[in-house]
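See structure below.
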Amino acid sequence: MYENIIVERPEPKIGLIRLNRPKRLNALNRALMSELAQALNEFAQDDEIVVVVLTGDERAFAAGADIGEFQGKNPVDMLKSYRFKEWEAVRTFPKPLIAAVSGWCLGGGNELAMMCDMIVASESAVFGQPEINLGIMPGAGGTQRLPRAVGKAIAMEVILADRRLTAQEALQWGLVNHVVPTELYLEKALELARQIAQKPPLALQLAKEAILKSYEMSLAEGLEYERHNFYLLFASEDKDEGVAAFLEKRKPEWKGR
Ligand code: CAA
122 MYENIIVERP EPKIGLIRLN RPKRLNALNR ALMSELAQAL NEFAQDDEIV
172 VVVLTGDERA FAAGADIGEF QGKNPVDMLK SYRFKEWEAV RTFPKPLIAA
222 VSGWCLGGGN ELAMMCDMIV ASESAVFGQP EINLGIMPGA GGTQRLPRAV
272 GKAIAMEVIL ADRRLTAQEA LQWGLVNHVV PTELYLEKAL ELARQIAQKP
322 PLALQLAKEA ILKSYEMSLA EGLEYERHNF YLLFASEDKD EGVAAFLEKR
372 KPEWKGR
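Written as structure tokens, this is what we have:
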């Protein structure tokens, strides 16, 4: 059983993972990250699950890496601990992953949220990268994903000056998809998950993959990649079903094949 996260299936096709170290504002220690990786790997292989929501609690999504784990560590300790191994499970999670964020979303917490595909925020959410105050810098993608989301100028201010973004600012700068009253943030994320859960799983997976490639490839390579995934979906039963259902004016029944 998990000690640092809670794993639920609130509805058919939807997985929910709650970060659960409330006394530490869900600080991401190794144990939590390893449980998160395990839960994501299980959901990835579970054909019943189409989309996953990742959340914390009202006070914090996560206040960053667990700072206690940094004490007395030298670069070799950090290198040997291979501490970002678990994060790969988040980065490579093949199904749509929605972060439902309330309260503090700082440092590694913000990096974790940005690794998700979409972010739904409560109006009380605060986004930031305060690592600079510890004499370090973001290490789980903050310097790469934040500028891609909000642009260089704002990313510089957030990372170098510890500027915290309110939920409204995060919305304005394109970091988050929705901002809702605090009591509704999880419900809003689940509503989005419900919408996505009605879609064909293979097309979701290949479309997500292609969007993420747009961060890594030239336009020409990305277009090529997109086209291959597009052609690949013509091998799926769901494509036959989707087209037939449209022409027959009925609701499609997806098989995920
Ligand atoms: N690691 C370990 N413990 C943490 C923590 C963290 N990142 N964030 C908060 N906590 C602990 C606090 O030490 C405190 O513990 P005690 O009750 O034992 O004192 C408890 O959680 C509650 O926190 P506060 O009393 O500080 O709550 P607050 O409301 O006064 O302040 C806060 C909230 C502004 C978020 C403040 O806790 C804070 O600044 N936290 C650290 C944020 C930070 O620097 N994050 C970056 C970490 S480095 C990183 O993430 C590297 C990376 O890129 C992977």
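If you count the sequence shown from 1, you need to add 121 to reach the numbering used here.
Even for Gly, the Cβ is constructed at its ideal location relative to N, Cα and C.
Keep in mind the model is a prediction, meaning the values are calculated, not measured.
- Bridge partners of G229 according to DSSP: none are assigned.
- Distances between the C-beta of W375 and the heavy atoms of ligand 1 are all 8 Å or more.
- Residue range E358 to L368 is occupied by the alpha helix (DSSP H) that includes G363.
- Collapsing the DSSP output to three states places L146 in coil.
- It is roughly 13 Å from the alpha-carbon of F205 to the alpha-carbon of G230.
- Secondary structure note for G263: its alpha helix (DSSP H) is the uninterrupted segment G263 to V271.
- Contact annotation: the region 310-320 touches the region 127-147, with at least three C-beta pairs closer than 8 Å.
- The region 270-285 makes no contact with the region 320-331; the number of CB pairs closer than 8 Å stays below 3.
- Within a 10 Å sphere around the beta-carbon of E129 sit fewer than 16 other beta-carbons, which makes this residue exposed.
- Setting aside the 5 residues that flank it on each side, R348 has no residue in the same chain whose C-beta is closer than 6 Å to its C-beta.
- If you measure from each CB to the nearest heavy atom of ligand 1, the residues under 5 Å come out as R145, L146, A148, A184, G185, A186, D187, I188, W225, L227, G228, G229, P251, E252, P259, G260 and A261.
- Taking 3 residues as the shortest admissible run, the region 287-374 contains the following complete beta strand (DSSP E) segments, listed from N- to C-terminal end: 299-301.
- In the DSSP assignment, F164 falls within the unbroken alpha helix (DSSP H) covering R151 to A165.
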